[in-house]
Every structure is written in structure tokens, then in C-alpha cells.
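*Asks:* Just so it is clear: in the sequence shown, position 98 is 122 by this note's numbering, and no numbers are missing.
Even glycine gets a Cβ: it sits at the ideal position worked out from N, Cα and C.
Just passing along the structure, written as C-alpha cells.
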Amino acid sequence: MQTGMVNTARLASSAFSVESRNGRPDFDLAAALQKVSPKQQAKAQKIATDFEAMFLNSMFSQMTSGLKGEGPFGDTPGTGVWRSMLTEQYSKNFANAGGVGIASDVYRTLIMQQAKTIRTA
């Protein structure tokens, strides 16, 4: 029991910042980040953000699927193409601006999995 408290205190006092999860410090993620290279962290962040953008694109497409008529192209066959490109850009911008929180959970999961595969000496 005391060992866990010592590890927590050591992590809290170290030079790196500890991410929070649900309003509490996420010491598991902080420890995992120490094992994973910055290059892998950047790749995991991009994958997580892209995943969230894909999810948001699907959600936005469903939200706009019933819309007809008004808009820059009126009610022409080009409207569907234009709307799909617009929702794709909306979803990418939304995800890059912070999204709805899916990317942070995906990122955490990817980092935790990568840290488990790295063998410690």
C-alpha cells in the first residue's frame, strides 16, 4: 500500500505535467507516457484525432441527411456532394479544435496499450 503512495508522490513531484481524467490526476497515463517515445505519442494523437473526425463526420452526415432545397446549390444533384464535403471539413475542424472528448480517450487507450508492449529492463 505504501509503495503505491510513494510512486504517486514521486510522479506528482516530477518535472512533467500529469494529465487529469475525470477531474483527478491520471498517474497511469503519466507513467505510460514515460515509456512511449514522443514520435509514437504524436502518431497516437493524430490517429485519435482522425478517429474522432471520422466519428463526427458520420454523426454530422446523419444530422444533415434529411435536408433538402435551400443552400448554395439549391436542390440539385451537386447539393449532396457539396454537403458531404462540407460536413467532412466541419468534422475535421471540430475534432482539431478539441471535439467532444473521444480523441482523448482513444489517445489514452493507445498509449496504455503501447506502454504495455514495451518491456522494461
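For residue 60, which residues from the same chain have a beta carbon less than 8 angstroms from its beta carbon, with the 5 sequence-adjacent residues on both sides left out?
*Replies:* Taken in chain order, the residues that qualify are 68, 135, 138, 139, 142.
*Asks:* With a 10 Å radius around its C-beta and 16 neighbouring C-beta atoms as the bar for buried, classify residue 111 as buried or exposed.
*Replies:* Result: buried.
*Asks:* How about residue 121 and residue 75: do their beta carbons lie closer than 8 angstroms?
*Replies:* Cβ atoms of residue 121 and residue 75: not closer than 8 angstroms.
*Asks:* Give every residue of the same chain whose Cβ lies closer than 7 angstroms to the Cβ of residue 57, excluding the five residues on either side of it in the sequence, and list them in chain order.
*Replies:* Excluding sequence neighbours, residue 57 sits near 65, 135.
*Asks:* Rounded to the nearest angstrom, what separates residue 49 and residue 107 at their Cα positions?
*Replies:* Cα to Cα, the separation comes out at about 41 angstroms.
*Asks:* Hey, residue 115 and residue 77: beta-carbon distance below 8 angstroms or not?
*Replies:* Yes, these two residues count as a Cβ contact at 8 angstroms.
*Asks:* Bridge partners of residue 44, per DSSP?
*Replies:* Its beta-bridge partners are 49.
*Asks:* So residue 142 is in the alpha helix (DSSP H); what residue range does that whole segment cover?
*Replies:* Unbroken run through residue 142: none, as it is neither H nor E.
*Asks:* With a threshold of 16 other CB atoms inside 10 Å of the CB of residue 130, please say whether the residue is buried or exposed.
*Replies:* So residue 130 counts as buried.
*Asks:* When DSSP labels each residue in this structure, what does residue 111 get in the three-state scheme?
*Replies:* If DSSP states are grouped into helix, strand and coil, residue 111 belongs with the helices.
*Asks:* What number of angstroms, rounded off, separates the C-alpha of residue 109 from the C-alpha of residue 82?
*Replies:* When rounded, the distance between both Cα atoms is 12 angstroms.
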